[in-house]
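In my numbering, the protein residues as written are 307 to 527.
Don't be surprised by glycine CBs; every beta carbon is placed ideally from N, CA and C.
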């Protein structure tokens, strides 16, 4: 009985980790306006990774991988306008940015677990690192219920084995062995065993007579 609390603790131990993976972690997005660029900052969870890429001619897509997150954008437009970032589109772990100018995006880790995304004026230079589109996330296939096993009768005809040659060869071999005296070809006749008479010293009752009415087979002396 003393082991029950330890078993319960062992079972409940992984629950905080599972809850952390399932419950989205909030990312509060902040913004700042500078003369030649507008910066967005994203505090990332410890185990998160990120990707940034084009999502059309005038938009980018930021994707957070490794953990479930949700974006809080309430403070973004309190300090910037819509000249460079016209709209934001958070969707689960994806964060879309629609540009309002001829701009391009750059991103880097500005501090431990702090991602900075700069929307800079001008066309992207040849060294721009985030102009390729991200790979689409494929939906998980539906897990179909297993189909019951159905055994259909075979339509193929059963093979026909010709026992004629084997049977004839067996008969000929038996006949030769019988002619040489190796086997006895006579078939024994089963006869019932003789009944032994039962000598009674005194008359039997009706119940005893019904039991002893079946005589036992005689055994040779």
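Task: Coil, strand or helix - residue 476 by DSSP - done: Numbered from 1 along the chain shown, position 170 holds the residue referred to as residue 476. Note: residue 476 maps to helix in three-state DSSP.
Open item on the list: Rounded to whole angstroms, what is the Cα-Cα separation between residue 357 and residue 346?
Closed with: Counting from 1 along the chain shown, the entry for residue 357 is found at position 51. Counting from 1 along the chain shown, the entry for residue 346 is found at position 40. Each residue's alpha carbon lies about 15 Å from the other.
- [ ] Grab the span of the beta strand (DSSP E) containing residue 440 for me, first residue to last.
- [x] Stepping through the chain shown from its first residue, residue 440 is reached at position 134. Counting along the chain, residue 440 falls outside any beta strand (DSSP E), and DSSP gives it neither H nor E.
Open item on the list: Restricting to runs no shorter than 3 residues, where is the beta strand (DSSP E) found entirely within the region 364 to 398?
Closed with: List check, beta strand (DSSP E) in window: 365 to 371, 375 to 378, 391 to 397.
Task: Helix, strand or coil at residue 338 according to DSSP, with G and I counted as helix - done: Sequence index remark: in the chain shown, residue 338 carries index 32 (1-based). Looking at residue 338 - three-state DSSP - the assignment turns out to be strand.
Open item on the list: According to DSSP, simplified to helix, strand and coil, what is residue 362?
Closed with: As a working note, residue 362 is residue 56 in the chain shown. Looking at residue 362 - three-state DSSP - the assignment turns out to be coil, as it is neither helix nor strand.
Open item on the list: On the CB-based measure, 16 or more other CB atoms within 10 Å of its CB, does residue 312 come out buried or exposed?
Closed with: Taking the chain shown and counting its residues from 1, the one referred to as residue 312 is at position 6. Low per-residue confidence applies at residue 312: pLDDT is 47, beneath 50, and the placement is therefore not dependable enough to give any value.
Task: Distance CB(residue 342)-CB(residue 412) smaller than 8 Å - done: Residue mapping note: residue 342 aligns to position 36 of the chain shown, counting from 1. Residue mapping note: residue 412 aligns to position 106 of the chain shown, counting from 1. Taking 8 Å as the Cβ cut-off, residue 342 and residue 412 do not qualify as a contacting pair.
- [ ] Work out the CA separation of residue 487 and residue 477 for me, nearest whole Å.
- [x] Within the chain shown, numbered from 1, the residue matching residue 477 stands at position 171. Within the chain shown, numbered from 1, the residue matching residue 487 stands at position 181. Between residue 477 and residue 487, the C-alpha separation is close to 15 Å.
Task: Beta-carbon proximity list for residue 350, same chain, < 6 Å, skipping 5 on both sides - done: Along the chain shown, one-based indexing puts residue 350 at 44. Cβ within range, chain order: 419, 421.
Open item on the list: Mapping the DSSP letters down to three states, classify residue 471 as helix, strand or coil.
Closed with: What you label residue 471 is simply residue 165 of the chain shown in a count that begins at 1. Residue 471: helix per DSSP, three-state reduction.
- [ ] Just the C-alpha distance for residue 443 and residue 409, rounded to the nearest angstrom, thanks.
- [x] On the chain shown, residue 443 is found 137 positions in, with the first residue counted as 1. On the chain shown, residue 409 is found 103 positions in, with the first residue counted as 1. Cα-Cα distance, rounded: 26 Å.
- [ ] Check whether the Cβ atoms of residue 564 and residue 397 sit closer than 8 Å, and answer yes or no.
- [x] Since the displayed the chain opens at 307 and closes at 527, residue 564 lies outside it and no answer follows.
Task: residue 378 burial status per 10 Å Cβ neighbour count (16 or more: buried) - done: Residue mapping note: residue 378 aligns to position 72 of the chain shown, counting from 1. The residue in question, residue 378, is exposed, as its Cβ has fewer than 16 Cβ neighbours within 10 Å.
Task: Helix, strand or coil at residue 481 according to DSSP, with G and I counted as helix - done: On the chain shown, position 175 is the one that residue 481 refers to. Annotated three-state conformation of residue 481 is helix, per DSSP.
TODO: Would you mind reading off the limits of the beta strand (DSSP E) that contains residue 402?
DONE: The count along the chain shown starts at 1 and reaches residue 402 at position 96. Run containing residue 402: 400 to 405, per the beta strand (DSSP E) assignment.
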